[in-house]
Amino acid sequence: METRFEPLGDRVLVLPDPVEDVTVGGIIIPDTAKGRQVQGTVVATGPGRWHAESQTYTPLSVKAGDRVLYGKYAGTDITVDDMDYVVTTEEDIMGIVRVVGMGVSDG
């Protein structure tokens with residue numbers, strides 16, 4: 001049976017990128033030296049930030065599929081169906097990471 005986690009309010013469910021085991025230079029990183037990943041993919045979001053005065057939600061700036069950068073100590077680590085996630089708020093997300101194509105000019 002599959003479990004589904006739906007964030008509430010302005011919370012964001014992020015699937016962190018895997019932590020690298022080996023550096024670019026080929027050095028193996030021991031588990032004790034590995035840091036917590038700070039980049040990942042948004043899996044789900046809540047409806048937004050609630051405003052009691054107007055009784056409305058302000059939609060979030062991030063959406064499922066966005067690649068984001070978040071604070072090292074942001075959010076709460078959770079496990080759902082043997083997958084590790086981070087639940088954080090939009091406020092703790094520093095930005096959306098976009099890959100921009102490198103065009104080649106004709107000269």
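Letter by letter, the sequence shown follows residues 1 to 107 of UniProt numbering. From the three backbone atoms N, C-alpha and C, an ideal C-beta is built for every residue, glycine too. Only a predicted model underlies this, so the values are computations on that prediction, with no experimental measurement involved.
Tell me, to the nearest whole angstrom, how far the beta carbon of Ile78 is from that of Tyr85; I am working on the premise that it is less than 8 Å. The C-beta distance from Ile78 to Tyr85 rounds to 5 Å, short enough to meet the 8 Å contact threshold.
Jot down the residue ranges of each uninterrupted beta strand (DSSP E) in the segment 49-95, minimum 3 residues, whole runs only, in chain order. Within the segment 49-95, the complete beta strand (DSSP E) runs of at least 3 residues are 49-51, 56-58, 67-70, 76-80, 83-89.
Tell me the DSSP bridge mates of Val14? According to DSSP, which records beta bridges pairwise, Val14 is partnered with Val42, Val86.
With a CB to CB cut of under 6 Å and the five nearest residues on each side skipped, what residues in its chain are close to Arg67? Around Arg67, the same chain offers Thr41, Val97 as residues with beta carbons nearer than 6 Å, after the five sequence neighbours per side are excluded.
Is the closest heavy atom of the ligand MG to the C-beta of Arg4 under 6 Å? As for the ligand MG, it is missing from this structure, which has no ligand bound.
What distance in whole Å lies between the Cβ atoms of Ala44 and Met13, which are believed to be in contact at a cut-off of 8 Å? Residue 13 is actually Leu in this sequence, not Met. About 4 Å; that satisfies the 8 Å criterion.
Leaving out five residues on either side along the sequence, give the residues of the same chain with a beta carbon under 8 Å from the beta carbon of Gly46. Cβ neighbours of Gly46 beyond the five flanking positions: Glu6, Pro7, Leu8, Gly9, Asp10, Arg11, Val12, Leu60.
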